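S.K.: First residue of the sequence shown? That's 1 in UniProt numbering, and the numbers climb one at a time after it.
Before anything else, here's the structure in question.
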Amino acid sequence: MGGTGPPGSLEGKETVMSETTSVKQGVAAGTSIGAAIIMVTVGIIQFFQGIAAVAENEVFVVGVEYVYKFDLTTWGWIHIVLGVLVAGAGLALFTGAGWARVTAIVIAAVSILANFLWLPYYPWWSMLIIALDIVVIWAVSTWKPDRA
1 MGGTGPPGSL EGKETVMSET TSVKQGVAAG TSIGAAIIMV TVGIIQFFQG IAAVAENEVF
61 VVGVEYVYKF DLTTWGWIHI VLGVLVAGAG LALFTGAGWA RVTAIVIAAV SILANFLWLP
121 YYPWWSMLII ALDIVVIWAV STWKPDRA
């Protein structure tokens with residue numbers, strides 16, 4: 001039943017489990033490299049989105065009033081700083097250091113929060129970034145470099 005030994009023995013089950021773990025770790029490692037690339041790209045785009053909000057208040061539609069409303073210049077600066085942090089965390093992920101993984105998870109979580117609050121201004125972009133940040137958190141938190 002999954003092993004190569006007599007019924008009830010554990011012989012061969014370790015091989016099946018290690019192959020499954022190896023495949024999962026391979027996917028997580030590949031996705032973590034992709035996560036680093038995604039974070040750098042998203043950081044750069046958020047940086048330019050912040051510049052657009054600071055430079056020209058007419059770029060984004062200011063719609064419905066809501067509780068977490070800031071003026072566009074404030075949101076612009078938030079996105080500039082967040083963009084630099086996200087891109088920096090993405091670059092640090094390429095080192096494979098443990099601190100870089102923790103930093104990437106924290107920065108991605110902050111990015112999720114900021115983009116949730118940014119939803120009224122640019123909903124499709126916010127939803128895309130939230131989804132990508134979730135992928136980044138999954139990839140970085142499940143990847144164990146010592147097993148890949």
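We put the beta carbon where it would ideally sit given N, CA and C, even for glycine.
Only a predicted model underlies this, so the values are computations on that prediction, with no experimental measurement involved.
From D71 to W118, what does the alpha carbon distance come to, in whole angstroms?
M.R.: 11 Å
S.K.: Quick check on this structure: which residue in W124, A139 and L113 has the alpha carbon closest to the alpha carbon of V102?
M.R.: In terms of Cα proximity to V102, the closest of W124, A139 and L113 is A139.
S.K.: Please name the residue in A97, S111 and S22 whose C-alpha comes closest to that of V136.
M.R.: Looking at the Cα atoms, S111 is the closest of the given residues.
S.K.: Given a cut-off of 8 Å on the beta-carbon distance, is the pair A104 and M39 in contact?
M.R.: yes
S.K.: Under the three-state reduction of DSSP, which class applies to A97: helix, strand or coil?
M.R.: Residue state, collapsed to three classes: coil.
S.K.: Going by beta-carbon coordinates alone, are G76 and I51 separated by less than 8 Å?
M.R.: In this structure, G76 places its C-beta atom within 8 Å of the C-beta atom of I51.
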